[in-house]
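Okay, structure first, notes after.
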Amino acid sequence: MPRTFGNLIAGKEVDSATTFESRNSSDHADVVGVFPEATREQVREACIVAREAFPAWSKTPAPIRGELIGRFGEALAREKEPLSRLVTREMGKTLKEARGSVQEAIDTCRFFQSEGRRLYGQTVPSEMPNKELFTYRRPLGVVGIVTAGNFPVAVPSWKIVPALVTGNTIVWKPSEDAPTVAYAFVRLLAEAGLPDGVLNVVFGGGKGAAGEFLVDMMDEGRLDKFAFTGSTAVGRQVGEAAGRNLLHPTLELGGKNPLVVMRDADLDNAVQGALFSAFATGGQRCTSAGNVIVDAPIYDAFVERFLAQVAQLRIGDPNQVPDVMYGPFINQRFFESWLAHYDVGAADGATKLYGEGRITADNRPAGWAGTDPEAAYYGWPTVWADVRPGMKIFQHETFGPTINLVKVDGIDEAIEVANAVDYGLSSAIYTMNRDWAFQFKDRIESGMTSINNTTNGAEAHLPFGGVKGSGNGTRESGIWVLEAYTYWHAVNDDVSGKLQLAQMDTAYAEPKGAVDVASLV
Ligand code: UN1
Numbered sequence: 002m003p004r005t006f007g008n009l010i011a012g013k014e015v016d017s018a019t020t021f022e023s024r025n026s027s028d029h030a031d032v033v034g035v036f037p038e039a040t041r042e043q044v045r046e047a048c049i050v051a052r053e054a055f056p057a058w059s060k061t062p063a064p065i066r067g068e069l070i071g072r073f074g075e076a077l078a079r080e081k082e083p084l085s086r087l088v089t090r091e092m093g094k095t096l097k098e099a100r101g102s103v104q105e106a107i108d109t110c111r112f113f114q115s116e117g118r119r120l121y122g123q124t125v126p127s128e129m130p131n132k133e134l135f136t137y138r139r140p141l142g143v144v145g146i147v148t149a150g151n152f153p154v155a156v157p158s159w160k161i162v163p164a165l166v167t168g169n170t171i172v173w174k175p176s177e178d179a180p181t182v183a184y185a186f187v188r189l190l191a192e193a194g195l196p197d198g199v200l201n202v203v204f205g206g207g208k209g210a211a212g213e214f215l216v217d218m219m220d221e222g223r224l225d226k227f228a229f230t231g232s233t234a235v236g237r238q239v240g241e242a243a244g245r246n247l248l249h250p251t252l253e254l255g256g257k258n259p260l261v262v263m264r265d266a267d268l269d270n271a272v273q274g275a276l277f278s279a280f281a282t283g284g285q286r287c288t289s290a291g292n293v294i295v296d297a298p299i300y301d302a303f304v305e306r307f308l309a310q311v312a313q314l315r316i317g318d319p320n321q322v323p324d325v326m327y328g329p330f331i332n333q334r335f336f337e338s339w340l341a342h343y344d345v346g347a348a349d350g351a352t353k354l355y356g357e358g359r360i361t362a363d364n365r366p367a368g369w370a371g372t373d374p375e376a377a378y379y380g381w382p383t384v385w386a387d388v389r390p391g392m393k394i395f396q397h398e399t400f401g402p403t404i405n406l407v408k409v410d411g412i413d414e415a416i417e418v419a420n421a422v423d424y425g426l427s428s429a430i431y432t433m434n435r436d437w438a439f440q441f442k443d444r445i446e447s448g449m450t451s452i453n454n455t456t457n458g459a460e461a462h463l464p465f466g467g468v469k470g471s472g473n474g475t476r477e478s479g480i481w482v483l484e485a486y487t488y489w490h491a492v493n494d495d496v497s498g499k500l501q502l503a504q505m506d507t508a509y510a511e512p513k514g515a516v517d518v519a520s521l522v
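Taking the numbering used here, the leading residue of the sequence shown gets 2, the next gets one more, and so forth.
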């Protein structure tokens, strides 16, 4: 019997009248847990509890908050293996990737443990005597957080860990695709000593459910900050609600990330990088490559080697077969929109080189390594050629195992094509030419760029976030994320005992008459 879980509000498990089942993404017969569909009232209650918890938590010394985050990191490290296995079971990425994503959260805790001992402000000289100026980082208040299922440990940690270290309290709506992972995450934080009510969790879907209710709490004045990872379309709605309430949201949205392969590239390295960028996590990363842009002189050689590898990709249930390249779709919605992309590519006039839709018992690629492909949604690795800028398939994020090949001639066209999408999250170039790498780095419109590596590869202490349709300019991770969860408080401290007015009573030195240097010698 699968366990039934409750929302976590004020440290208590709170049931809802309606529930949903979280199923193993690789085998839909396996129910991982039963979760509540939080009601609007429960989401509101979670916001009220977080508001009540704010004064005490924000007054807890930052180094103490940091120590708690350090203990959370230790608990994550201790439970890394079972938590990684739970990630694989619930959302379907390979165990190697699941371990990496749990490690990313551990790294985030290690970084922010010591940040609790910094959170530096500045001392600033005043233009008056007996007066000093200071800046302090202050917490914002109650943060609403909505996260996606593809990185159910790492990406929540990018938001929750810095928000807590800086003294905020939280209401989190995790993805309905990985609620059990979220529950484990929160229990480990409680083990580390997090006071009840500081982090509250409401489960359920997005539209017409807990996610939408939490967004609505901005209009009720119950939130001081919103952080969202998900699609650009939903991100716009979150941004609109935040904007009319004068909140500055963190929005990490979609991508159609370019990977360029120049004529002088190490071709084997480029093929391996393109394979991982396109197909790791079944293409369901926001950093997955969407368009591989290949320089004309090596186009044929690249395509031949790439296709040979694609035809051998091992695909299957990552719980049973550890060395698959990718497992199932995380959910039916992603599967259906990926399936629809076959019509989009055909209508665009692109040439399908490889891929036959859903993997079934009678329709399996050579590398199928699982048992029953119909126990879940599995997709053929799919490759399109003759893709050009302007085509829908070139422009739109698909979020599944598919990649476009785009032929260009030289570095200028490569950069132009790489920039010809409305997104700008991550990007990569394979070249040994120093100048081409420099030109790419200088001219690409992207929040993250790799030279001779994949379109992935964010690390816990580097800024993460996009430009154009991939976000609103906010950054996660490292020192940069601190701006997202604090405001700067400027303080004037005057001990002069009299009214002295800046700009008006400032005793500037009087100039004494101009010196003509030529007349001096
Ligand atoms: C995401 O897909 O939302 O660089 C985040 C990467 C990972 C993070 C991806 N470390 O692909």
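Glycine residues also receive a C-beta, built at the ideal position from the N, C-alpha and C atoms.
Given a cut-off of 7 Å on the beta-carbon distance, is the pair Leu260 and Thr456 in contact? Within the sequence shown, residue 260 is the residue found at index 259, counting from 1. Within the sequence shown, residue 456 is the residue found at index 455, counting from 1. Note that the C-beta distance between Leu260 and Thr456 is below 7 Å.
Can you tell me which of the three DSSP states Asn493 falls into? In the sequence shown, the residue the question calls residue 493 occupies position 492. Reduced to three states, the DSSP call for Asn493 is strand.
Using the C-alpha atoms, what's the distance from Gly328 back to Ile316? Translated into the one-based positions of the sequence shown, residue 316 becomes position 315. Translated into the one-based positions of the sequence shown, residue 328 becomes position 327. Looking at the two C-alpha atoms, the distance is approximately 6 Å.
Alpha carbons only, please: which of Ala485, Arg72, Val50, Lys513 is nearest the one belonging to Ala193? Along the sequence shown, read from residue 1 onward, the residue named residue 193 stands at position 192. Minimum Cα distance to Ala193 is reached at Arg72.
Measuring only from the beta carbon, is Ala459 closer than 6 Å to any heavy atom that is part of the ligand UN1? As a position in the sequence shown, residue 459 is number 458, starting the count at 1. At least one heavy atom of the ligand UN1 is nearer than 6 Å to the Cβ of Ala459, so yes.
Check the DSSP bridge columns for Thr251 and list the partner residues they point to. Locating residue 251 in the sequence shown gives position 250, counting from the first residue. BP columns for Thr251 point to Ala228.
Leu426 and Asn258: beta carbons closer than 7 Å? Within the sequence shown, numbered from 1, the residue matching residue 426 stands at position 425. Within the sequence shown, numbered from 1, the residue matching residue 258 stands at position 257. Against a cut-off of 7 Å, the Cβ pair of Asn258 and Leu426 comes out as a contact.
Can you tell which of Ser27, Val32, Gly12, Ser26 has its C-alpha closest to the C-alpha of Thr20? Counting from 1 along the sequence shown, the entry for residue 20 is found at position 19. Answer by Cα proximity: Val32.
Residue interval of the beta strand (DSSP E) (run including Met449): On the sequence shown, residue 449 is found 448 positions in, with the first residue counted as 1. Unbroken beta strand (DSSP E) run through Met449: 449 to 452.
Please confirm whether any heavy atom of the ligand COA lies closer than 6 Å to the CB of Val35. For the ligand COA, the structure offers nothing, since it holds only the ligand UN1.
Have a look at Pro250 and Leu141 and give me their C-alpha separation to the nearest angstrom. Stepping through the sequence shown from its first residue, residue 250 is reached at position 249. Stepping through the sequence shown from its first residue, residue 141 is reached at position 140. Rounded to the nearest angstrom, the two C-alpha atoms are 12 Å apart.
How should Trp489 be labelled, buried or exposed, when 16 other C-beta atoms within 10 angstroms of its C-beta is the threshold for buried? Looking up residue 489 in the sequence shown gives position 488. It is exposed - the Cβ of Trp489 has fewer than 16 other Cβ atoms within 10 Å.
Which parts of the segment 356 to 387 are runs of the beta strand (DSSP E), unbroken and 3 residues or longer, counting only runs that do not cross its ends? 383 to 386
Assigned exposure category for Gln313 - 16 Cβ within 10 Å defines buried: Taking the sequence shown and counting its residues from 1, the one referred to as residue 313 is at position 312. Flag for Gln313 reads exposed.
Alpha-carbon spacing of Ala519 relative to Met129, whole angstroms: Indexing the sequence shown from 1 puts residue 519 at position 518. Indexing the sequence shown from 1 puts residue 129 at position 128. C-alpha separation (whole angstroms): 36 Å.
Based on Cα-Cα distance, which residue from Asn405, Thr95, Thr233, Ile161 lies nearest to Asp387? As a first step, residue 387 is located in the sequence shown; it is residue number 386 there, counting from the start. Ranked by how close their Cα comes to the Cα of Asp387, the residues Asn405, Thr95, Thr233, Ile161 have Asn405 in first place.
Boundaries (first-last residue) of the beta strand (DSSP E) holding Val408: The count along the sequence shown starts at 1 and reaches residue 408 at position 407. In the sequence on display, residue 408 carries Lys and not Val. Its beta strand (DSSP E) spans residues 403 to 409.
Taking Cβ to Cβ, would you say Pro382 is nearer than 7 Å to Phe280? In the sequence shown, counting from the first residue as 1, residue 382 sits at position 381. In the sequence shown, counting from the first residue as 1, residue 280 sits at position 279. In contact: Pro382 and Phe280 (Cβ atoms closer than 7 Å).
Using only the heavy atoms of the ligand UN1, determine whether one of them is closer than 6 Å to the beta carbon of Phe400. Here residue 400 corresponds to residue number 399 of the sequence shown, with the count starting at 1. Not so, every heavy atom of the ligand UN1 lies at least 6 Å from the Cβ.
From this set, Asp495, Glu460, Ala491, which residue's C-alpha is nearest Ser478's C-alpha? The sequence position of residue 478 within the sequence shown is 477, counting from 1. Residue Glu460 is the option with its Cα nearest to Ser478.
Going by the DSSP bridge assignment, what does Ala429 pair with across the sheet? Here residue 429 refers to the residue found at position 428 of the sequence shown. Answer by DSSP bridge pairing, in chain order: Leu260, Ser451.
Rounded to whole angstroms, what's the CA-CA distance from Gln104 to Val88? Just pull it up for me. Counting from one through the sequence shown, the residue named residue 104 turns up at place 103. Counting from one through the sequence shown, the residue named residue 88 turns up at place 87. Taking C-alpha positions only, Gln104 is separated from Val88 by approximately 12 Å.
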